[in-house]
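So the structure is just underneath, and the comments pick up after that.
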Amino acid sequence: MYNLRYIAFFICSAILLSTHAAPLVVPRGLLGTTWIEASINSDAFLNDPKDKELFSTMLTGVRAGQRLNPQGKYNAGLYLLREAYKGHPGNSLIMKVMKSIDKATLGEAKALHEIGDLVASGMLEDRLVSRHPVPVIIMLRKPGDVLSTTKEYKDANVAIKEQMRAQSNKLKCEKVALIAVSKHILHLDNHEANSLVTLTGNTVSSVELIDFGVPDTYLVSKDVKEPEVLNFCLQRLKSKPQSA
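Throughout the sequence shown, residue numbering follows mature numbering (1 follows the signal peptide of the UniProt record, and there is no 0), covering -21 to -1, 1 to 223 in sequence.
Quick look at the structure:
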């Protein structure tokens, strides 16, 4: 009887341990990596009490100018500024009007701050934008154009277009890797419209990344290496032809 009770206890204990104990191997990172640590709308990224104050200020001296696009999925429109702000010419800045102040909005503002592109964030009263105060992010405007909108690309034959896309993807992923290693922010929303190219003839000479919002911007580990980010980015583009 004693042996039966002992065996029963042992079996129950084993079941409880297998149910509640942590697995022996826990993946450290996201998306199948060991170095992508958290989304920018997570508590792991928004870990400073000051993060909650990113939109606590009422901005002054800001007037919306030309509207650049209609309302998007995660924002209520992009604008140029009518006049200079904080020493920057109005046309060198982009103002992004946000729909609400949530973790996604806070995460985007913080990510832009981390990479050095944030000029200001806060609440804005401007009748051109809204009847009520709205949260806005003011950031540096990047030079360049979307590749497929350029005359050089439109006029090129199929082979040259393919070559230009390949150049764009390589430079894009090199920029993604550089920012990931130096700023610990990973930009993975790499479809064509989120990168602006500068051309020299039919050669893509540089690429700038735009849109560091959810859902494809992440915090990465401080020991991540440039080659592994570069390879990850290129492989991801290959698996998503529409992003190239």
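Heads up, the beta-carbon is just placed ideally off N, CA and C, and yes, glycines get one too.
His170 and Asp195 have their C-alpha atoms spaced approximately 11 Å apart.
Distance from the CA atom of Val203 to the CA atom of Lys162, rounded to whole angstroms, is 11 Å. Annotation for Arg120: no alpha helix (DSSP H) segment contains it, and DSSP assigns it neither H nor E.
Checking the DSSP bridge columns, you'll see Lys65 has no partner listed.
The C-beta distance from Ala55 to Val41 rounds to 15 Å, too long to meet the 8 Å contact threshold.
Take Ser79, set aside five residues on each side of it, and the residues of its chain with a beta-carbon closer than 8 Å to its own are Pro114, in chain order. Under the three-state reduction of DSSP output, Gly86 falls in the helix class.
Proximity of the segment 13 to 25 to the segment 182 to 201 meets the contact definition, three or more beta-carbon pairs being nearer than 8 Å. Contact fails between the segment 181 to 191 and the segment 207 to 222, because fewer than three Cβ pairs, one in each stretch, are under 8 Å apart. If you look at Met143, you'll find it in the alpha helix (DSSP H) that goes Val137 to Lys162.
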